[in-house]
Each structure stands twice: as C-alpha cells, then as structure tokens.
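Asker: Below: one structure in structure tokens.
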Amino acid sequence: MSNHTYRTAPVATTGMPPGIPNIIGNEAAERFSFYGMKAILTVFMTKFLVDAAGQLDLMSESQAKSYYHLFVASAYFFPVIGAIVADVWFGKYNTIIALSLVYCLGHLALALDETRLGLFAGLALIAIGSGGIKPCVSAHVGDQFGQSNAHLISKVFGWFYFSINFGSFFSQILTPWLLEGFPEWLVSTLSIESAEAKARWLKIGPHVAFGVPGILMLIATIIFWVGRNKYAHIPAQGTAKVFGALKGGGWKILLKLVPVYLPISVFWALYDQTGSSWVLQADKMNRDWLGHNWLASQVQAINPLLILITVPLFSYVVYPALGKVVRLTSVRKITVGLFLTVVAFSICSFAQERIDAGEHPSIAWQVAAFFVLTVAEVLVSTTGLEFSYTQAPRELKSFVMSMWLLSVSAGNVIAGFVNKFIQNDDGTLKLNGAEYFWFFTKLMVGAAVAFLIVSFFYTEKTYIQEEQAATH
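All residue numbers in the sequence shown are consecutive under the numbering used here, ending with 621.
As structure tokens, this is what we get:
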C-alpha cells in the first residue's frame, strides 16, 4: 500500500491515541500464544516427544533445559533482525504483519508434528516471528504519541505490560492442563471404553495444547490488522537515514546504553529460569495450595497474576506517592528491581536447601519468591521498555528496543552456558541443588552493584516523535 493511505505522524492531542486498544488487544492474544507454548515446552520434551514411528523419544532434563534456553535466547536475538528490517526497509506495521504470519506457521508445526522435526521447525519459526515483531510492537506503541500526550507514555506502557501478563496468566493455567489433563477429562466425559479409542484420545494433548496458542496468534494478527487505519505509520527510514543517524552521533547513544543493558542481562538469566529450574524445583515440592494440587508447570502462572495486581498498584499508588518524596528516574527503579531479584533467588535457595535435606517444602516458598520477583520485574522490565523507547533517537527506535530485548537473549545464553559448564563427563554436576541457586544469587548481587555504579554516570535524554495536526 502507498504511504499516503495512512497517517505518518502522531495526532496532536492530549488524549489517548486511537489505535492503542488494537495494539493492547493484539499483545494480550500474542502473549497468550507465546507463554502458553513456552510454559509446556519443558514438560513436552521430557514426557510427550515421539519419533516418526510414534514411539516415545524423550529428552533428559538437562537436554530439555538446554533447548529451552536456546529457544528463548533465539526468540530474543531475532529482534535485532526485525528492527533492521522495520527501520530500514518495510516499516514497523508491515514487518509486524508479515512476521506474525510466520509466527502462526510455527504454532501450526508444533500442533501437527510431535517429533523433534516438528519441534525444531516450529520453535525456529516462532523464534523468527515472535522475535522479529518484538521491537516493532513496543516501538509502535511509542510511535502513537507526540509531545502533547507524551505524559501518557508511561501509563500506556504499563497497560502494555498489563496486557502481556493478562494473556500470559490464562495461558499458563490453561495450556498445562490441555497437555496433561484435558485428554483424561475428555475420555471420562465421553465415557470412552474401547482401549484402542482411549489410547488414541489420550494422545491428543500436545495437538490441543499447542493448537490453542496457535489460534490465539491468528486472532492477535487479525486484531492488529483491523486497527491499521487508526495507527500513526512511521515510515521506514531507509539505509541512508538509519546509518546517517548512527554516523551523526547515534552510535554514541547505542554505546552509552551497552553498560546499562549488560547488568540487566543477568536479571534475565535468573528471571527466565522460572520456566526451567523453578519448574523442576516445584516438581519436588508439596504443591497442595489453596485447596488445589497444582501442576508444576502451572505454578509459574502466579507471576502474571501478580503482575495484573502490581502494575496498576505501582502506576496509580506507589509511584505517585514516592514521587512526592524522591525523583523516580528509570535507572533508580531498575536498580531497586535488580536488588529485589537477589532476595527472590535467595528464597528459592533456602527452599532448595530443605529439598536437598530430603524434605518436601510447601510451594508457598516459591509463591513468596514469585511475589518479590514480580515486584522486581515491574521495576526492571516495565521501566526498561519505556526507558529504551525514550532514550532512542527517532530513526533508531526499533533498533534500540531490539537492544533491550537482546539483553534477554544474553541472559538466556548465560543461563544455558552455566548449565552446560557445570556438567561433568560422568553425568554429575559441579553445582548441585542449593549450590546452583546460590551461584546465581551471588551473580545477581554483582550485576546489581555494577548497575548501581553505571547509573551514577548515566544521564537520561528523551526523544519523542514529532506530531501531525488532527484532521478528523
């Protein structure tokens, strides 16, 4: 489509941009698809994976953890590619639509093929699709704002993160049940008695559990497409302008952000283990809580549930109250969040010590850790999204957002490297049980101190899009 079909700058208004509901709705559905699929990956690889003949072809726990972190690292590496494609050639909107279709194909592969071929093909397509759209979607949110309503950016990024966790919570409750509980429920409900039919129906778990997130991704794509006439479509800048921005001082801004993002990558090395080491730890705990025996892979749903509470609490109560006492800069919020992550992993470390002693501690230990980690996430991740957008020059919005997401990739590389390094040739581990958790706790202490030092020398500078006069 020709560029004149759409507005190419934000409308000059003090209110909320018109396309925000579509973007938020898209994000909620897309995150349902991603986190729902991601929540069951480890369990699928260790309990349900089959070969071409339909026989079980399971991975060991260490193999599953390695592939899990490799996938997450890949999904957060491709934002760099997506950002370049969007900023240089196709623009954010076109890039989001095209890669969303690739994303849908990845879900389709997982839903149809339970073998390693289907697994790897599906994960590769999802990594490309989800990773490619990540910097574009978050930057596209900021593109809807001009100077007149720039004061609303922080609130909308809070809503944006709220929508992420709204979709994430329901998917992390539902998809583990679809994988492990739905087939048995269906057989019981339909009163299937034939052994052959029962065996066949009991195998549908992976198809349904991966298929439902795929349907949600398709819905997400449609929601985003429907809002196309409401958005401000910031045109691709072209090679000359993007690299001109780098030559004109943009590269100095990028280099300035590197020491900020490096310590944050350690935060992600710890945070993303809620889907690997924390799940394995939960499997060894007493999960009877609130009158229900939770699946180990469902426990992580506590995080997005708490986010749904803490994001509005911080946006409307905590930040305004603290803002009257102290100036709340982005780097100050992130610093506090990093130190809280130390507390969260310390709780898991103490819980693991009890497990190592042969006990089965209550899952309440992890609930407490999730509460602290969730507050840390609000301070680090929500703030980091807004910080990355506002600190980026206008021509480099998607690229800088991809740098932020690349810190997530780096964190998973760190987690994957450590898990590989600690394995001995005889199958034993250099870091066992609580030693493993304490190692990452100490690593986080070092990263938090490093960020605190960096923050003293960092000066924030905000870049907001120019406005276009309202015509209707």
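No residue lacks a Cβ here, since even glycine has one placed at the ideal position from N, Cα and C.
#1: Suppose the cutoff is 6 Å on Cβ atoms and the five residues either side in sequence are ignored; what does the same chain contact list for G174 look like?
#2: Taking only runs that begin and end inside the segment 419–491, name each unbroken alpha helix (DSSP H) of 4 or more residues, in chain order.
#3: Could you check which residue in K473, V485, I341 and P355 has the C-alpha nearest to that of L327?
#4: Measuring straight from C-alpha to C-alpha, what distance separates Y242 and L487?
#5: Return the first residue and the last residue of the alpha helix (DSSP H) that L522 is part of.
#6: Please return the same chain residues whose Cβ sits closer than 6 Å to the Cβ of Y380, not counting the five positions on each side in sequence.
#7: Tell me where the alpha helix (DSSP H) around W238 begins and ends.
#8: What is the DSSP secondary structure of Q386, reduced to helix, strand or coil?
#9: With C-beta atoms as the reference, is G185 less than 8 Å away from T324?
#10: By the three-class DSSP mapping on this structure, what secondary structure does R156 have?
#11: If you measure between the beta carbons of N581 and I456, is that distance less than 8 Å?
#12: Count the other CB atoms within 10 Å of the CB of N442; is the residue buried (16 or more) or exposed (fewer)?
#13: Look at the alpha carbon of L198 and the alpha carbon of D292, and state the distance between them as a whole number of angstroms.
#14: Can you give me the start and stop residues for the alpha helix (DSSP H) that S182 sits inside?
#15: Taking contact to mean at least 3 C-beta pairs separated by less than 8 Å, is the segment 498–508 in contact with the segment 570–590?
#16: How is the alpha helix (DSSP H) around T110 delimited, first residue to last?
#17: With I245 and V286 assumed to form a contact (beta carbons below 8 Å), what rounded beta-carbon distance in angstroms separates them?
#18: Decide yes or no for the touch test of the segment 272–280 against the segment 211–223: beta carbon pairs closer than 8 Å, at least 3 of them.
#19: Mind checking which residues open and close the alpha helix (DSSP H) that includes A222?
#20: Taking only the alpha-carbon atoms, compute the straight-line gap between T195 and I458 and give it to the nearest angstrom.
#21: So, with DSSP's three-state summary, where would you put A201?
#22: How many Å lie between S425 and L477 at the Cα?
#23: According to DSSP, simplified to helix, strand and coil, what is Q572?
#24: Compute the Euclidean distance between the alpha carbons of V524 and L404, then round it to the nearest angstrom.
#25: If I follow the unbroken alpha helix (DSSP H) through T590, where does it start and stop?
#26: Whose C-alpha, out of P332, S320, Q572 and L406, is nearest the C-alpha of Q447?
#27: Suppose the cutoff is 8 Å on Cβ atoms and the five residues either side in sequence are ignored; what does the same chain contact list for S151 look like?
#28: Are the CB atoms of P362 and S604 within a distance shorter than 8 Å?
#29: Can you list, in chain order, the residues of its chain with a C-beta nearer than 7 Å to that of A583? Leave out the 5 residues immediately preceding and following it.
#30: Straight-line CA distance for F226 to I563?
#31: How about the segment 251–270 and the segment 526–543: do they share at least three Cβ pairs that are nearer than 8 Å?
#32: Excluding the 5 residues flanking F658 on each side, which residues of the same chain have their C-beta closer than 7 Å to its C-beta?
#33: Can you tell me where the alpha helix (DSSP H) with D292 in it begins and where it stops?
#34: Buried or exposed: A618, going by 16 or more other Cβ atoms within 10 Å of its Cβ?
#35: Need the endpoints of the alpha helix (DSSP H) that V305 sits in, please.
Answerer: With the given structure in hand:
#1: I372
#2: 426–431, 451–462 and 468–472
#3: P355
#4: 33 Å
#5: A513 to E526
#6: G168
#7: Unbroken run through W238: none, as it is neither H nor E.
#8: coil
#9: yes
#10: strand
#11: no
#12: exposed
#13: 42 Å
#14: I169 to A188
#15: yes
#16: Nothing in the structure corresponds to residue 110, since the chain is present only between 150 and 621.
#17: 6 Å
#18: yes
#19: E210 to A224
#20: 33 Å
#21: coil
#22: 33 Å
#23: strand
#24: 29 Å
#25: A583 to F606
#26: S320
#27: Confidence is the limiting factor: at S151 the pLDDT is only 44, short of 50, which leaves the residue's position unreliable and the question unanswerable from this model.
#28: no
#29: S498, Q501, E502 and D505
#30: 13 Å
#31: no
#32: The requested residue 658 is not part of the displayed model; the chain covers only 150 to 621.
#33: R265 to D292
#34: Here the model assigns A618 a pLDDT of 49, short of 50, so the residue's position is not dependable, and the following value carries that caveat. Exposed, because fewer than 16 other Cβ atoms sit within 10 Å of the Cβ of A618.
#35: I302 to E329
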